[in-house]
Amino acid sequence: MALNCVWMVVFDREIMEAALAVLFSMCVTLYICMFISYRKLDQSVQVLEKQSRFSDVWLTRMLVQNGLGIYATWCTVATHLNLAFVLVYRSAHDISNQDACTIALGILSAIIVLFIVTDWFFLDRFSRYTFTPYLVLVVAFAGSLSKNYEEGARNTTFTIVLLAVSGFATVVKFILLDYRHCRRTEGGVRISDESIVKV
Numbered sequence: 004m005a006l007n008c009v010w011m012v013v014f015d016r017e018i019m020e021a022a023l024a025v026l027f028s029m030c031v032t033l034y035i036c037m038f039i040s041y042r043k044l045d046q047s048v049q050v051l052e053k054q055s056r057f058s059d060v061w062l063t064r065m066l067v068q069n070g071l072g073i074y075a076t077w078c079t080v081a082t083h084l085n086l087a088f089v090l091v092y093r094s095a096h097d098i099s100n101q102d103a104c105t106i107a108l109g110i111l112s113a114i115i116v117l118f119i120v121t122d123w124f125f126l127d128r129f130s131r132y133t134f135t136p137y138l139v140l141v142v143a144f145a146g147s148l149s150k151n152y153e154e155g156a157r158n159t160t161f162t163i164v165l166l167a168v169s170g171f172a173t174v175v176k177f178i179l180l181d182y183r184h185c186r187r188t189e190g191g192v193r194i195s196d197e198s199i200v201k202v
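In structure tokens:
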């Protein structure tokens, strides 16, 4: 929250480099918070199950972890938007707005691919029920298209592709969530070690 307040001040004063650094710091702290939440729930889920505190498990998954997922994803998208601002207005090189946006979208694309792969195949044990990042990406790219659509423009095409990928990934995420919840869990709470990499 403190970093968010700092970002609003420095962005309002158009200190773009500082705003970018603050946004990046926000992303890092949110990722750390998500990691801690995932780890602690994984460590305590057996105890909670024995105590029949299933509501605590699901409230943590649905509210805490998905809430952090929304915030972290918005901050990640905003960080790359801020990066484009810095490249256009503060870079020593003469970078056009189109090129800056392409660079930002390219980096964001790599992060999205990395996130999808790790979420589906390596971190499923922890992040199986965190689906909001996918929804945020769909909303973000759809909003970008609605405001900045330009037929035939490079970044418009790039954004359409990212929107399609995000939409497809969202559908696959829900299919995997349903399948793995029904087939790979014990009582819908404990996720086995084997489910980390198996589909």
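Converting from the sequence shown to the numbering used here requires adding 3 to each position, the first position being numbered 1. For every residue, glycine included, the Cβ atom is placed at its ideal position computed from N, Cα and C. Keep in mind the model is a prediction, meaning the values are calculated, not measured.
Check: Rank A143, C30, H83 and C78 by C-alpha distance to the C-alpha of G170 and give the top, closest one.; Outcome: A143
Check: Verify whether the separation of the beta carbon atoms of V25 and W10 is less than 8 Å.; Outcome: yes
Check: So N69 packs on T173, CB below 8 Å; how close in whole Å?; Outcome: So it is not a contact: roughly 13 Å between Cβ atoms.
Check: With a threshold of 6 Å on Cβ separation, who are the neighbours of Y132 within its own chain once the five nearest residues in sequence on each side are excluded?; Outcome: R64
Check: Go through its chain and collect everything with a Cβ distance to L33's Cβ below 8 Å, but skip five positions before and after it.; Outcome: L71, Y74, A75 and C78
Check: Excluding the 5 residues flanking L86 on each side, which residues of the same chain have their C-beta closer than 7 Å to its C-beta?; Outcome: L23 and A107
Check: Apply the 10 Å Cβ neighbour rule to K176 and answer buried if 16 or more other Cβ atoms are within range, or exposed otherwise.; Outcome: buried
Check: The alpha helix (DSSP H) with H96 in it runs from where to where?; Outcome: Note, H96: premise wrong, no alpha helix (DSSP H); not H, not E.
Check: In whole angstroms, what is the alpha-carbon distance linking M29 and I39?; Outcome: 15 Å
Check: Rounded to whole angstroms, what is the Cα-Cα separation between D127 and T121?; Outcome: 8 Å
Check: Within the continuous alpha helix (DSSP H) that includes V67, where are the two ends?; Outcome: Element bounds for V67: n/a, residue is neither H nor E.
Check: Measure how close the beta-carbons of T82 and F27 come, nearest whole angstrom, since I'm counting them as under 8 Å.; Outcome: 6 Å
Check: Whole-angstrom Cβ separation of L41 and S147, contact assumed at under 8 Å?; Outcome: According to the sequence shown, residue 41 is Tyr rather than Leu. The pair is not a contact, with the Cβ atoms about 29 Å apart (cut-off 8 Å).
Check: Which residue marks the beginning of the alpha helix (DSSP H) containing G170, and which one marks its end?; Outcome: R157 to R186
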